[in-house]
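Asker: Numbering (my numbering), first residue to last: 236 to 977.
(1) In the segment 623 to 666, which residue ranges form an unbroken alpha helix (DSSP H) of at least 4 residues, counting only runs that do not cross its ends?
(2) Distance check for residue 332 and residue 530, CA to CA, integer angstroms please.
(3) Between which two residues does the beta strand (DSSP E) carrying residue 907 extend?
(4) Going by the CB atoms, is the gap between residue 744 and residue 738 shorter than 9 Å?
(5) Taking the DSSP output, what are the residues bridged to residue 865?
(6) In whole angstroms, give me the CA-to-CA distance for residue 838 and residue 891.
(7) For residue 863 versus residue 920, is the C-beta distance shorter than 9 Å?
(8) On the premise that residue 275 lies in contact with residue 259, defined as a C-beta separation below 8 Å, what is that separation, rounded to the nearest angstrom?
(9) What span of residues does the alpha helix (DSSP H) with residue 520 cover, start to end?
(10) How is the beta strand (DSSP E) around residue 842 delimited, first residue to last?
(11) Out of 455, 798 and 447, which has the shortest C-alpha to C-alpha gap to residue 350?
(12) Ignoring anything shorter than 4 residues, give me the alpha helix (DSSP H) runs that lie fully in the segment 697 to 742, in order along the chain.
(13) Can you tell me which of 288, 376, 248 and 401 puts its alpha carbon nearest to the alpha carbon of residue 728?
(14) Tell me which residues share the same chain as residue 932 and place their Cβ nearer than 7 Å to its Cβ, disregarding the 5 neighbours each side in the sequence.
(15) Please classify residue 799 as buried or exposed, where buried requires at least 16 neighbouring CB atoms within 10 angstroms.
(16) Could you check whether the segment 375 to 384 touches the segment 353 to 366, counting it as contact only if at least three pairs of C-beta atoms, one from each stretch, sit closer than 8 Å?
(17) From the DSSP output, in three-state form, read off residue 940 for me.
(18) Leaving out the 5 sequence neighbours to the left and right, which residues in its chain are closer than 7 Å to residue 386 when beta-carbon positions are compared?
(19) On a Cα-Cα basis, can you pick out the residue from 792, 448 and 290 that is closest to residue 346?
(20) Can you list, in chain order, the residues of its chain with a C-beta nearer than 6 Å to that of residue 912? Leave out the 5 residues immediately preceding and following it.
(21) Just curious, the alpha helix (DSSP H) that residue 899 is in, first and last residue?
(22) Counting pairs of Cβ atoms below 8 Å between the segment 571 to 585 and the segment 311 to 329, do you hit three or more?
(23) What residue from 429, 411, 430 and 419 has the CA that sits closest to residue 443's CA?
(24) By Cβ distance below 7 Å, which residues in the same chain neighbour residue 432 in space, the five residues on each side in sequence not counted?
(25) Do residue 631 and residue 684 come within 9 Å of each other at the CB atom, strictly closer than that value?
(26) Do you know whose CA, among 759, 539, 809 and 301, lies nearest residue 791's CA?
(27) To the nearest angstrom, how far is it from the Cα of residue 811 to the Cα of residue 781?
(28) Can you grab the Cα-Cα spacing for the pair residue 774 / residue 243, in whole Å?
(29) Note the first and the last residue of the continuous alpha helix (DSSP H) segment covering residue 579.
(30) Quick one: grab the DSSP three-state call for residue 878.
(31) Is the CB of residue 849 under 9 Å away from at least one CB in chain E?
(32) Roughly how many whole angstroms lie between the Cα atoms of residue 726 and residue 682?
(33) Put residue 804 into one of helix, strand or coil per three-state DSSP.
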């Protein structure tokens, strides 16, 4: 076959047609008709053609979709087989070992006694189990079985109890280190490492969960709810000891272990891996010995708040593989595949041995029986991992047909023109349109397939039309935008699958549950619109600790104010003008540059001929911002603003030309000679150059200006009037509350 690659014979074509038909049927059986229908529409369009595309022959379509790596067997299915499956298996083994039950009970032990405690426990436990499942529906089923009945018990209506669980679980796919499957595909589509994806996703995920806990608190305040009664109250000394213990452990992980392991590598040489493995196993046995002194965690319904100390100590060994995974990803900078491989191997060891060693430490007589039980647990963990992977594998393969249609037909350019016409070139309307497409497709497609389809069709549109609006959008921001709304589709009526799963447990109405869940998720839905324009929310462009603290504090304040505004309640019930003012202040904290950049522009507009001079003073990896103008193939004059990371090179000229954007300055103007995606050794640069190519930039276009950052008054000055405004609202509401109390 290799000798005639690209020249398939009749047997190849026949088997390819059979393969495509079987794939469509497998898609229908495992995921339902929607994705199958979308794939059939894509194949029909590739065959018949429309909108300037004349259609392709059956031979060409079949070859493109099945035999090459442009269709079904493309990037998505490759990432699923090589990386995603290992993460799914890791989560299945962790769940089988008992970690899911442990995380839920720890969450209840820590938060169950607070006002609206079971709902807050649902948020915390969903965040923790989100690390295991990476699926919002699986998260709802896992944690909702325990959390929803308890929420109803303290006074939450069925729909709100289900909606809180849905909102918590959908956010689980946004939470590092194990995010939704689509996050792993982002690694390939954007050309960055997985640790970079985690870094960019971290802050939005954290503030989104903080806001959800606050929403739950406001719901409890509005309804006068209380938490569950704690039968074993902690005194102040025990609380202080607990807090100090957590801080000490975190301090050891962050500041002590890295130099300690570096020291082991130096003195251990080739044996250092074995030494570190022995340390991990010794730590595991020590934690198991501590666990053996605690009673086993019950697996039934939670009747009363578990005791904090005993509950936390009863499963500390479950944290070891998670810590190992995060360590390998962030400190050792291993690839995701290698990191999760070693974490999974350690998890297999835990599943096989934890019951056996617990039996020894507890002095049980029949410990051999535990070995057979552990083998069964390992087998069931493998089975669950394989079953969980079926939907992902089929979804990525079927979605490859849609991606193949885009590459075969060039429909992407048609969509760019169509969307630009409908949105009249307005970037906000384009983003809103993209969000609607993601939500609509997400009603029928799994998150992974939704991300593949929408990112293939709309991410280039966002990049191109953002550039046309003089907004240089980083590629990761465009893909994160699509990723967020694909996940939020799980609780969007009328088809939100996570809402149906929660309603089945709460006995509530699934449509009302979905509507309420989406209202709660509005604080998540607003974040993509913010980080497209303020990329610091994705931790891009943060160059100091002070800058990081400023971004974190302002983002938390903004999201809490937005949550209070959408709930119509802060200190007391909001009046309309108070809600409007709170939304304005939230926006001021989220995006202070929107106001201050008009007063003190952040960039100095330099002539295009200074492009190489500016690049001379920059280093590899830094991004240069420039404006390029020219005429499209349709004869339309365009002006685009792009942000391009610089490649290796001795001079600014080399750093730019080595990216693949070939610039010729022989006649004075900085003229584009060629746009060649793929010639840089850096995947992120290649993807960015590809987005420039997709926008229509070609030879003959001219770089008219370079936008260089300049010293300005800090934009955080906008926070001063924002604080005064929200302080005024707070004083008014406090006075109103005193009148109500009196």
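We treat Cβ as the ideally placed atom computed from N, Cα and C, and that holds for glycine. In this text the structure is predicted, and so the values were computed from the model without any measurement.
Answerer: According to the structure data:
(1) 646 to 658
(2) 16 Å
(3) Where residue 907 is concerned, the enclosing beta strand (DSSP E) stretches over 905 to 910.
(4) yes
(5) Note: residue 865 sits in a beta bridge opposite 873.
(6) 20 Å
(7) no
(8) 7 Å
(9) It spans 507 to 527 - the alpha helix (DSSP H) in which residue 520 sits, taken as one unbroken run.
(10) 838 to 842
(11) The shortest CA-to-CA distance from residue 350 to any of 455, 798 and 447 is the one to 455.
(12) 710 to 723 and 732 to 741
(13) Ranking 288, 376, 248 and 401 by Cα distance to residue 728 puts 401 first.
(14) 863, 865, 875, 907 and 910
(15) So residue 799 counts as buried.
(16) yes
(17) The answer is strand: DSSP assigns residue 940 an E or B state.
(18) 353, 354, 357, 396 and 399
(19) 448
(20) 895, 921, 924, 925 and 928
(21) No alpha helix (DSSP H) contains residue 899, which is instead part of the beta strand (DSSP E) from 896 to 899.
(22) yes
(23) For residue 443, the closest C-alpha among the options 429, 411, 430 and 419 is that of 411.
(24) 418, 421 and 422
(25) Yes, Cβ-Cβ distance for residue 684 and residue 631 is below 9 Å.
(26) The candidate whose alpha carbon is nearest that of residue 791 is 759.
(27) If you take the alpha carbons of residue 811 and residue 781, they lie about 36 Å apart.
(28) One C-alpha to the other measures close to 48 Å.
(29) Here the alpha helix (DSSP H) through residue 579 covers 571 to 596.
(30) strand
(31) Among the protein chains of the structure shown there is no chain E, as only one such chain exists.
(32) 12 Å
(33) strand
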